[in-house]
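Scroll down for the structure; my scribbles are underneath it.
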Amino acid sequence: MNKINPKLFDHLKEKYYRNLLSPNDEKSYFIAEKGDRAEIELFKILKNKIPKSWILKPNYWIQYSRTNEIDIIIFTGKFVWLVECKNYSGVFEYMDGNCYRNKKPINNEISFAQNRKNAIENILSDNKLNGVPVYSSMIFMDNECDVKNDRDSGIELVMRYRLSRHINEMVQRYQTLPDYFDNLHLEQTIDRYRINHPFPPKIIPVTLFKEAKTGIHCAICYSYLLKNHYKTIECQDCGYIEYKTEARLRTTAELGMLFYHDDKILTPKNIVTFSGQVKEKDAFLKSLYRKWPTHSSHRGVYYHNFGLPYEAIRHKLKKSK
Ligand SMILES: [Zn+2]
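Take the sequence shown: its position 248, counting from 1, is numbered 247 in numbering that gives the first Met the number 0, and each next residue is one higher.
Below is the structure:
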């Protein structure tokens, strides 16, 4: 698979803080924000609690007879774990094979989760890996959400207060299983069915480049109120301190993600203008030097556009110097 589009939410968020969001898009951004907050939180909790050798991949789309999105897929080396994040409030019920929320019928999220699990199991058996177990959990992140079910669906329904215990159970399950799967092979096998998000973010015309709010913003709270130190910048709103070199790479990634469709957007001039660092031009570009892959054209050099946020590409950038 080639280039992956950025997540709609990441794109909307950057657009929002760069003043490029139309009033219509603004509404979808605020709706997306609530769901995404729960997903990010779940991802962080998992990352902190699971063994380092497990591989986590969020927003994983696969094509196997139909298209499925897995919120988080985890390759443990002994089994595959599919994690679905739900942000319901109120009561979620699974009764007689149907789903209800506060007594009203809703989409059958359990059967969707079963479809995703079946798809992964089928991929494994097509590739002679049918000995690898697949587990699927649905995590209800809202503290106030109550969950009831009258039968086993093969999907583990986990309320927020039980999340830590559930993760520990998965780790224990892992420890009791024999160690004989090649995790990399497993991951690569399933990756062959991975597809790009079928709903790419709306493309921003490059002519709007000049209207984007310029400058470096905080990596955490997106505030533009940053205090300049010798090697770092300090956010005046949340206190977050980031190395300048890091912030420069991140801001370059942000420009690339906003115009993810345009392979030639990352010219030195555009990057420096966008980051508001015209006076520090040389220092800025030095941070990219040798780390960020470049291409050259008859119009000069430009940096490779990964089209993704910094977090998703930092491991692809060369280490130091
Ligand atoms: Zn901040």
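Every residue gets a Cβ at the ideal spot worked out from N, C-alpha and C, and that includes glycine. Keep in mind that this is a model prediction, so the values were computed, not measured.
query                                                                                                                                              : result
Give the single residue among D181, L257 and S295 whose Cα lies nearest to the Cα of P267.                                                         : S295
How long is the line joining the alpha carbons of K147 and R161, rounded to whole angstroms?                                                       : 14 angstroms
Kindly indicate which three-state DSSP category R249 falls into: helix, strand or coil?                                                            : helix
Just checking C237 against ligand 1 - is the residue's beta carbon closer than 8 angstroms to any of the ligand's heavy atoms?                     : yes
Can you tell me whether C217 is buried or exposed, with buried defined as 16 or more other CB within 10 angstroms of its CB?                       : buried
Between V131 and the rest of its own chain, which residues show a CB-CB distance below 7 angstroms, the 5 nearest in sequence each way excluded?   : F78, V79, L123, F180 and L185
Where I138 and I71 are concerned, what is the direct C-alpha to C-alpha distance, given to the nearest angstrom?                                   : 11 angstroms
Return yes when the Cβ of I69 is within less than 9 angstroms of the Cβ of L55, no when it is not.                                                 : no
Mapping DSSP to helix, strand and coil, what is F91?                                                                                               : strand
Would you say the beta carbon of I219 comes nearer than 8 angstroms to a heavy atom of ligand 1?                                                   : yes
What's the C-alpha gap between P200 and L7?                                                                                                        : 5 angstroms
Taking only heavy atoms of ligand 1 into account, decide whether any of them is closer than 8 angstroms to the Cβ of C234.                         : yes
When the Cα of P5 is compared with those of P308, R65 and N107, which residue comes out closest?                                                   : P308
Runs of 3 residues minimum, wholly inside the stretch 53-88: which ones carry the beta strand (DSSP E) assignment?                                 : 54-63, 65-74 and 79-85
Under 9 angstroms between the Cβ atoms of I264 and F283?                                                                                           : no
What is the DSSP secondary structure of N182, reduced to helix, strand or coil?                                                                    : helix
For E83 and Y229, I'd like the C-alpha separation in whole angstroms.                                                                              : 43 angstroms
Can you check whether the CB of D9 is closer than 9 angstroms to the CB of N86?                                                                    : no
Is S286 a contact residue of ligand 1, with contact defined as CB to any heavy atom under 8 angstroms?                                             : no
Among residues of its own chain, excluding the 5 on either side of L248, which ones have a beta-carbon nearer than 8 angstroms to its beta-carbon? : S286, L287, K290, W291, Y309, R313 and L316
Just verifying my parser: in three-state terms, what is the DSSP assignment at D190?                                                               : helix
With distances taken from CA atoms, which of N227, D262, E210 and H165 is nearest H303?                                                            : D262
According to DSSP, which residues form a beta bridge with N227?                                                                                    : I232
I'd like the ranges of any alpha helix (DSSP H) spanning at least 4 consecutive residues and lying wholly in the stretch 237-305.                  : 243-257, 267-274 and 280-287
Can you tell me whether M140 is helix, strand or coil according to DSSP?                                                                           : coil
What would DSSP say about N167, mapped onto helix, strand or coil?                                                                                 : helix
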